[in-house]
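Student: Chains as they are written, first to last, in the working numbering: chain A, 678 to 980; chain B, 52 to 623.
We treat Cβ as the ideally placed atom computed from N, Cα and C, and that holds for glycine.
Computed from a prediction, not measured in an experiment: that's the story for all the values here.
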Amino acid sequence: MRPPAVTPRSLRVQLVLFNNQFRFLVQTVQGLIAAAAVARSNGSLSRIELAIGDSSTDPCISEEQERGIIGNALDNGFERAWYTFFGANLGSAGGSNALAEGAETDCLLILNPDTYPSPWMLHRMLSSLRDGVGIVEARQLPIEHPKEYDAHTGDVSWASGACSMFMRHVFEEVGGYDTDHFFLHCDDVDISWRVKLAGYRVVMEPSATTLHHKPINLSGNIEPPYAERYHGALGKLMLATRYGAEDVFENTTSWIRANGDDAQQQAVDDFEARAAEGRIPDLIPDGVTVAQFVGTEYAKHRF
Amino acid sequence: MSSTYDLSFGENTPYAHAVELLTRFAEPGGLVLDLGAGHGPLAEAVTNAGFTYVGFDIDEDGVSHIASRGFESHWIDLTDFDELLPRVTTMVDDRPVAAILALDIIEHIQGSSQFIGHLRELALSTGRPPLVVSVPNVGHFDLAAKLLLGRWDTTDSGLLDRTHIAFYTDSSLTSAMAAHGWSELARDDFGLHESDQHFPTHAPTLASGSTLARYLRVVRERADNFGAINQFVRAYTCGDVVPRLDPSGNAAPAVSVIMRTQGNRLELLEEALLSLAGQTSPDFEVLLMVHSLDAGVERNVRGVLGAFSPTFSRRVKIIQLRGGDRARPLNEGLREAVGDYIAFLDDDDLVTATWIETFTRGAKTRPGAIVRAVTADQTVRRQSGPPGYSALSGPKIDGARITFDMVRHLETNRTPICSFAVPRQAILASGLRFDETLQVLEDWHFLIRAALICGVHDTRQVTSIYRRWDDAEASWNSIDRDIWTATRKAIQLELDSEPILLPLGSVSTIASMIERAHKGPSDRSSATVKQLRKDLDRAERRLAQVESSTSWRVTRPLRGVADSLKKLRRRS
Chain A
678 MRPPAVTPRS
688 LRVQLVLFNN
698 QFRFLVQTVQ
708 GLIAAAAVAR
718 SNGSLSRIEL
728 AIGDSSTDPC
738 ISEEQERGII
748 GNALDNGFER
758 AWYTFFGANL
768 GSAGGSNALA
778 EGAETDCLLI
788 LNPDTYPSPW
798 MLHRMLSSLR
808 DGVGIVEARQ
818 LPIEHPKEYD
828 AHTGDVSWAS
838 GACSMFMRHV
848 FEEVGGYDTD
858 HFFLHCDDVD
868 ISWRVKLAGY
878 RVVMEPSATT
888 LHHKPINLSG
898 NIEPPYAERY
908 HGALGKLMLA
918 TRYGAEDVFE
928 NTTSWIRANG
938 DDAQQQAVDD
948 FEARAAEGRI
958 PDLIPDGVTV
968 AQFVGTEYAK
978 HRF
Chain B
52 MSSTYDLSFG
62 ENTPYAHAVE
72 LLTRFAEPGG
82 LVLDLGAGHG
92 PLAEAVTNAG
102 FTYVGFDIDE
112 DGVSHIASRG
122 FESHWIDLTD
132 FDELLPRVTT
142 MVDDRPVAAI
152 LALDIIEHIQ
162 GSSQFIGHLR
172 ELALSTGRPP
182 LVVSVPNVGH
192 FDLAAKLLLG
202 RWDTTDSGLL
212 DRTHIAFYTD
222 SSLTSAMAAH
232 GWSELARDDF
242 GLHESDQHFP
252 THAPTLASGS
262 TLARYLRVVR
272 ERADNFGAIN
282 QFVRAYTCGD
292 VVPRLDPSGN
302 AAPAVSVIMR
312 TQGNRLELLE
322 EALLSLAGQT
332 SPDFEVLLMV
342 HSLDAGVERN
352 VRGVLGAFSP
362 TFSRRVKIIQ
372 LRGGDRARPL
382 NEGLREAVGD
392 YIAFLDDDDL
402 VTATWIETFT
412 RGAKTRPGAI
422 VRAVTADQTV
432 RRQSGPPGYS
442 ALSGPKIDGA
452 RITFDMVRHL
462 ETNRTPICSF
472 AVPRQAILAS
482 GLRFDETLQV
492 LEDWHFLIRA
502 ALICGVHDTR
512 QVTSIYRRWD
522 DAEASWNSID
532 RDIWTATRKA
542 IQLELDSEPI
552 LLPLGSVSTI
562 ASMIERAHKG
572 PSDRSSATVK
582 QLRKDLDRAE
592 RRLAQVESST
602 SWRVTRPLRG
612 VADSLKKLRR
622 RS
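What follows is the structure, given as structure tokens:
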């Protein structure tokens with residue numbers, strides 16, 4: 678069977694930096710350049726631009742490095758490329774929203790700067806943005822995310838913000854990431870569920886891959902740092918509140934109070950303080966139709 | 052192989068080997084110019100072979116002695132490089148020259164390398180005759196073994212003739228000759244298992260009965276084929292000048308990655324290459340060994356690689372090879388690799404972004420040791436549709452395999468091929484190769500031999516994912532268990548055939564293993580036997596009472612028990 682015809686689309690690639698090393702950023706951009714060439718030659722990409730935003734306290738690249746990396750992108754097929762120092766830590770959610778402002782491209786790619794995309798990643802993701810798909814996620818290597826997806830349609834509960842491509846109009850229709858309630862984690866789960874509520878599909882494209890630099894510990898797990906444990910716990914309480922999962926909320930808070938580490942305890946304290954100030958999300962009445970709370974996760978996991 | 056060193060001409064001497072080469076490559080009838088002829092021990096043999104002998108030497112007695120036997124001879128100072136060419140060509144006049152001999156002379160000349168160059172000029176001026184040289188080998192095992200004892204015993208003649216001022220090994224002679232435009236025609240090196248330097252005969256590094264000497268001999272034999280060569284006897288012709296390579300050159304990458312693929316799982320190859328392209332250290336090359344008869348496969352592989360950023364793809368060399376088994380591409384890769392360390396990756400494995408960096412850091416921490424990281428296992432199943440497989444489990448790490456235990460590795464492999472890097476110098480020095488006759492466990496066989504030489508540095512970093520295919524053609528699944536068992540035993544027997552060097556701490560490891568073996572089931576069984584004997588004694592006493600009783604008939608069944616007990620006692 679012939680693959681469906683691909684419509685060339687324009688794309689803005691967004692990288693939010695936070696104290697990243699320049700040499701790794703260079704590598705990521707080199708990977709994007711190769712991936713853009715493959716997408717162009719396969720007819721899925723019309724034009725591409727690169728938006729880099731820096732959430733570090735001080736710029737994590739020098740002006741010379743900025744010129745080098747932007748020049749490299751412009752010399753190698755990117756129509757536009759720029760670097761912005763935010764002057765504040767906007768988090769992944771805020772940084773991504775800021776970089777998406779004013780975008781006129783068909784699609785937006787949210788990409789972690791500690792990843793290295795496969796040459797076919799952009800083409801395969803762009804090709805998957807059809808049939809009502811609002812977000813497509815790439816498969817991360819060498820440790821792929823364990824959440825289950827439909828082997829035939831790719832439909833998945835949520836798409837990871839490490840490497841997700843949006844139809845821009847969908848991103849804008851749902852108002853982008855919710856920066857009022859999410860900073861680093863669970864922002865991707867929340868926007869995935871809101872995209873679904875807006876009537877779009879969220880899919881995994883397993884043939885689109887990206888290498889994600891995450892150390893594995895001797896137990897075979899990815900060791901979550903403090904920020905991930907804190908924002909992971911806080912994000913979970915926000916999600917449970919917004920999507921009406923009272924049992925999840927109760928179980929989470931009681932478990933953290935009994936067993937949680939410092940980061941998780943702090944997250945519960947902060948949530949309670951924010952609740953008192955009215956800074957927690959409102960319930961979305963039909964949120965339960967899209968939300969999945971499975972054990973401690975937001976999807977059924979394969980392993 | 053001879054057992055003595057002899058300066059005179061004889062059947063089994065370096066001189067005889069030289070004459071053999073002479074007759075193979077020189078045109079009979081011409082002059083044979085024997086430079087540094089001494090007393091001309093070859094004159095008769097050369098003449099008998101159909102040549103006209105002309106001896107040259109600085110020793111007037113030698114010159115006279117040759118002349119007295121009816122051969123042409125001339126005085127010459129071979130160290131007077133300005134006079135060498137005009138003087139010899141004058142003597143030769145217009146007569147055809149069949150060959151030049153430089154036997155046991157190069158090592159006596161100050162500026163021996165220059166002298167080799169002048170020999171070429173002489174050859175070019177006299178019709179390009181072949182050159183036959185004979186040079187002592189200071190790479191002989193005996194000299195190495197004695198240096199380990201702090202001994203360098205010069206003698207009146209032989210390997211360490213006290214008048215020698217230049218010293219050659221196979222590689223330095225080969226390099227010197229090539230650098231002066233001599234192209235080797237043939238070699239007929241003269242071997243002596245025990246050279247004139249084989250003394251004191253009972254020295255532990257020399258004596259054939261000593262374990263240390265046997266071990267050292269294995270080390271020497273693996274380094275090259277010249278540990279038992281006494282004298283290099285070689286024929287050359289004028290060829291191209293080959294510049295010497297700088298042996299200390301450091302342009303090589305830190306790591307050469309030898310990657311096997313049959314090109315029939317391109318989606319997996321794509322992922323494996325991606326995991327290399329995204330490495331945090333760029334200091335590596337990839338030798339992508341395409342093991343396939345099909346030219347189309349190589350094209351496909353090239354197509355996959357061509358899509359990657361040139362910053363990565365230019366560091367990848369695709370080498371197609373046909374024939375051979377699983378180990379062939381690894382060995383071909385070893386021949387091509389130039390990195391300081393060599394690592395291995397199959398096209399269905401994955402590495403983390405710090406795989407190379409972990410190896411290079413490990414090599415800095417413990418230079419020259421094998422650097423070993425940790426591999427996580429992940430079970431995957433083939434399925435239709437992209438990406439063609441599905442992970443069934445998360446990465447799993449066997450705690451017993453986090454660090455390398457040499458003794459336990461002698462029993463079975465606990466280190467996947469993607470989790471270690473071997474210093475290339477160790478491979479060069481020991482001639483290490485994968486055994487292409489093995490159907491399985493070729494990686495274990497290689498690792499063990501390398502580890503016994505280099506030792507292992509554990510990084511305790513998880514840097515690779517070994518995918519276990521639960522349903523497909525992985526060798527573990529597709530090859531009969533009997534072959535694995537038989538191969539393992541064969542490898543162990545091979546290891547038994549040589550002394551081995553165990554790492555620090557091995558004595559305690561072995562002792563505690565033996566202790567555990569003793570304490571374990573055997574102690575329990577001896578306690579059981581003791582208890583059994585007690586029970587038997589008690590039962591027999593009781594039996595005696597029963598048998599002696601007047602009412603024994605009513606206790607007849609017990610006698611059956613007694614018989615059984617007696618049998619048990621015999622068995623215990």
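At least one CB of chain B closer than 9 Å to the CB of lysine 891(A): is that the case?
Tutor: Stepping through the first sequence from its first residue, residue 891(A) is reached at position 214. Interface residue, yes.
Student: Once the 5 residues before and after glycine 838(A) are set aside, which same chain residues still bring their CB inside 7 Å of it?
Tutor: As a position in the first sequence, residue 838(A) is number 161, starting the count at 1. Contacts found: Ser769, Ile787, Asp864 and Asp865.
Student: Within this structure, are the beta carbons of alanine 149(B) and alanine 77(B) separated by less than 9 Å?
Tutor: Here residue 149(B) corresponds to residue number 98 of the second sequence, with the count starting at 1. Here residue 77(B) corresponds to residue number 26 of the second sequence, with the count starting at 1. Cβ atoms of alanine 149(B) and alanine 77(B): closer than 9 Å.
Student: Return yes when the Cβ of methionine 881(A) is within less than 9 Å of the Cβ of arginine 816(A), no when it is not.
Tutor: Here residue 816(A) is taken as the residue at index 139 of the first sequence, counted from 1. Here residue 881(A) is taken as the residue at index 204 of the first sequence, counted from 1. Cβ atoms of arginine 816(A) and methionine 881(A): closer than 9 Å.
Student: Starting from the C-beta of valine 355(B), find all residues in its chain whose C-beta is less than 8 Å away, skip the five residues before and the five after it, and write them out in chain order.
Tutor: Here residue 355(B) refers to the residue found at position 304 when the second sequence is read from its first residue. The answer, listed in chain order, is Leu317, Leu320, Glu321 and Leu324.
Student: So the candidates are Thr205(B), Gly384(B) and Leu479(B); which of them puts its Cα closest to the Cα of threonine 312(B)?
Tutor: Looking up residue 312(B) in the second sequence gives position 261. The residue with the shortest Cα to Cα distance from threonine 312(B) is Gly384(B).
Student: Kindly indicate if chain A contains any beta-carbon less than 9 Å away from that of glutamate 318(B).
Tutor: The sequence position of residue 318(B) within the second sequence is 267, counting from 1. With 9 Å as the cut-off, glutamate 318(B) counts as an interface residue toward chain A.
Student: Can you give me the start and stop residues for the alpha helix (DSSP H) that threonine 705(A) sits inside?
Tutor: Stepping through the first sequence from its first residue, residue 705(A) is reached at position 28. 699 to 718 is the extent of the alpha helix (DSSP H) around threonine 705(A).
Student: Beta-carbon within less than 7 Å of glycine 413(B)'s beta-carbon, same chain only, minus the 5 sequence neighbours each way: which residues are those?
Tutor: In the second sequence, counting from the first residue as 1, residue 413(B) sits at position 362. For glycine 413(B), where only same-chain residues beyond five positions count, the Cβ hits under 7 Å are Val422, His508 and Thr510.
Student: Using a Cβ-Cβ cutoff of 9 Å, what residues of the stretch 751 to 777 of chain A are near chain B? List them in chain order.
Tutor: For the stretch 751 to 777 of chain A, which is checked against every Cβ of chain B, not one residue is closer than 9 Å.
Student: Do you know how far the Cα of valine 139(B) is from the Cα of alanine 174(B)?
Tutor: On the second sequence, residue 174(B) is found 123 positions in, with the first residue counted as 1. On the second sequence, residue 139(B) is found 88 positions in, with the first residue counted as 1. Alanine 174(B) and valine 139(B): Cα-Cα distance of roughly 11 Å.
Student: If we cut at 9 Å on Cβ distances, does serine 367(B) have a partner in chain A?
Tutor: The sequence position of residue 367(B) within the second sequence is 316, counting from 1. Reading off the sequence shown, one finds valine at residue 367(B), where the question assumed serine. Answer no: the Cβ-Cβ gap between valine 367(B) and chain A never drops below 9 Å.
Student: Going by DSSP, which residues form a beta bridge with aspartate 428(B)?
Tutor: For this step, residue 428(B) is matched to residue 377 along the second sequence. BP columns for aspartate 428(B) point to Lys447(B) and Tyr517(B).
Student: For the alpha helix (DSSP H) holding cysteine 505(B), just list the boundary residues, first then last.
Tutor: What you label residue 505(B) is simply residue 454 of the second sequence in a count that begins at 1. 493 to 505 is the span of the alpha helix (DSSP H), which, as asked, contains cysteine 505(B).
Student: Measure how close the beta-carbons of leucine 267(B) and threonine 256(B) come, nearest whole angstrom, since I'm counting them as under 8 Å.
Tutor: Taking the first residue of the second sequence as position 1, residue 267(B) is located at position 216. Taking the first residue of the second sequence as position 1, residue 256(B) is located at position 205. That pair is a contact at about 6 Å.
Student: Would a check of beta-carbon distances place threonine 466(B) closer than 9 Å to chain A?
Tutor: Your numbering for residue 466(B) matches position 415 in the second sequence. With 9 Å as the cut-off, threonine 466(B) does not count as an interface residue toward chain A.
Student: Report all residues from its chain with a CB closer than 6 Å to the CB of serine 981(A); omit the five preceding and five following residues, and keep chain order.
Tutor: Since the displayed chain A opens at 678 and closes at 980, residue 981(A) lies outside it and no answer follows.
Student: For chain B, is any of its Cβ atoms less than 9 Å away from the one on tyrosine 793(A)?
Tutor: Walking along the first sequence from the start, residue 793(A) turns up at place 116. Yes, contact with chain B.
Student: List, in order along the chain, the chain A residues whose C-beta lies closer than 8 Å to that of proline 438(B)?
Tutor: As a working note, residue 438(B) is residue 387 in the second sequence. Residues of chain A passing the Cβ test: Arg816, Pro883, Ser884 and Thr886.
Student: Output the distance between the C-alpha atoms of serine 261(B) and histidine 253(B), rounded to the nearest integer angstrom.
Tutor: Position 210 of the second sequence, counting from 1, holds the residue named residue 261(B). Position 202 of the second sequence, counting from 1, holds the residue named residue 253(B). Taking the straight line joining both Cα atoms gives about 8 Å.
Student: Indicate whether phenylalanine 395(B) and isoleucine 309(B) have their beta-carbon atoms separated by less than 9 Å.
Tutor: Your numbering for residue 395(B) matches position 344 in the second sequence. Your numbering for residue 309(B) matches position 258 in the second sequence. Yes, these two residues count as a Cβ contact at 9 Å.
Student: What are the residues of the stretch 394 to 414 of chain B that lie near chain A, defined by any Cβ-Cβ distance shorter than 8 Å?
Tutor: Taking 8 Å as the Cβ-Cβ cut-off against chain A, the residues of the stretch 394 to 414 of chain B that qualify are Leu401, Val402, Thr403, Ala404 and Thr405.
Student: Give the residues of chain A in contact with alanine 447(B), contact being defined as C-beta atoms less than 7 Å apart.
Tutor: Residue numbering aside, residue 447(B) sits at position 396 when the second sequence is read from its first letter. A small correction: the amino acid at residue 447(B) is lysine; alanine does not occupy that position in the sequence shown. What lysine 447(B) touches in chain A: Gly897.
Student: Could you check whether phenylalanine 695(A) and serine 733(A) sit closer than 9 Å to each other, using their CB atoms as the reference points?
Tutor: By 1-based counting over the first sequence, the position of residue 733(A) is 56. By 1-based counting over the first sequence, the position of residue 695(A) is 18. Contact: yes.
Student: Give the C-beta separation of glycine 91(B) and phenylalanine 122(B) to the nearest angstrom, bearing in mind that I take them to be a contact with Cβ-Cβ under 8 Å.
Tutor: As a working mapping, residue 91(B) is identified with position 40 in the second sequence. As a working mapping, residue 122(B) is identified with position 71 in the second sequence. Contact flag correct, Cβ pair sits at about 6 Å.
Student: When the cut-off is 9 Å and only beta carbons count, does glutamine 434(B) lie next to chain A?
Tutor: The residue given as residue 434(B) occupies position 383 in the second sequence. Judged by the 9 Å Cβ criterion, glutamine 434(B) is in contact with chain A.
Student: Roughly how many angstroms lie between the CA atoms of threonine 683(A) and serine 435(B), to the nearest whole one?
Tutor: Reading the first sequence from its first residue, position 6 is the one you call residue 683(A). Reading the second sequence from its first residue, position 384 is the one you call residue 435(B). Note that residue 683(A) corresponds to valine in the displayed sequence, not to threonine. One C-alpha to the other measures close to 23 Å.
Student: I'd like to know if glutamine 707(A) contacts chain B, where contact means its C-beta is closer than 9 Å to some C-beta of that chain.
Tutor: For this step, residue 707(A) is matched to residue 30 along the first sequence. With 9 Å as the cut-off, glutamine 707(A) counts as an interface residue toward chain B.
Student: Determine which residues of the stretch 348 to 375 of chain B have a Cβ less than 7 Å from any Cβ of chain A, and write them out in chain order.
Tutor: So the list reads Ala358, Phe359, Ser360 and Thr362, given in the order they occur along the chain.
Student: If contact means a Cβ-Cβ distance below 8 Å, which residues of the stretch 913 to 936 of chain A contact chain B?
Tutor: Residues: none.
Student: Is phenylalanine 630(A) helix, strand or coil by DSSP?
Tutor: Residue 630(A) falls outside the range modelled here, since chain A spans only 678 to 980, and no answer is possible.
Student: Of all Cβ atoms in chain B, is any one closer than 9 Å to the Cβ of valine 879(A)?
Tutor: Position 202 of the first sequence, counting from 1, holds the residue named residue 879(A). No, valine 879(A) does not count as interfacial toward chain B.
Student: Quick check: serine 307(B) and arginine 518(B), are their CB atoms within less than 9 Å of each other?
Tutor: Walking along the second sequence from the start, residue 307(B) turns up at place 256. Walking along the second sequence from the start, residue 518(B) turns up at place 467. For serine 307(B) and arginine 518(B), no; Cβs fall outside 9 Å.
Student: Ends of the beta strand (DSSP E) at phenylalanine 283(B)?
Tutor: Sequence index remark: in the second sequence, residue 283(B) carries index 232 (1-based). Segment 280 to 289, the beta strand (DSSP E) holding phenylalanine 283(B).
Student: Does serine 884(A) come out as helix, strand or coil in the three-state DSSP assignment?
Tutor: Numbered from 1 along the first sequence, position 207 holds the residue referred to as residue 884(A). Serine 884(A) falls in the strand class under three-state DSSP.
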